[in-house]
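Visitor:
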Amino acid sequence: MPDVLIRNIDEKTLNKLKKRAERNNRSLQAELKILLEEEASMNMDEAKDMVREIYEKYKAEGRVFSDSVKDIREDRDR
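Counting in our numbering, the sequence shown runs from 29 upward without gaps.
Structural data, given as structure tokens:
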């Protein structure tokens, strides 16, 4: 199987990835492999479904979402 080498990763990014791997009881390499495989396999419909699920979860928790288009227009009008 081919290898991939990524150079010059920001220290903060690397630390976040290490913490994520630790939370999932994986090595950094295993965590990165899973992240890459998931990202490469996700199509647009799956991504939309994932966003919808997150939105519904937050909505069920009572979180309120503002109208982002309205917010952007207000910012531009300032």
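We put the CB at the ideal spot given by N, CA and C, even for glycine. Computed from a prediction, not measured in an experiment: that's the story for all the values here.
Could you have a look at Leu45 and say whether DSSP puts it in helix, strand or coil?
Guide: Helix at Leu45.
Visitor: At the level of alpha carbons, what is the spacing between Lys40 and Glu50?
Guide: Rounded to the nearest angstrom, the two C-alpha atoms are 15 Å apart.
Visitor: For Asp38, which three-state DSSP category applies?
Guide: Coil.
Visitor: Would you call the stretch 31 to 46 and the stretch 55 to 68 touching, i.e. three or more CB-CB distances under 8 Å?
Guide: Touching, per the Cβ criterion.
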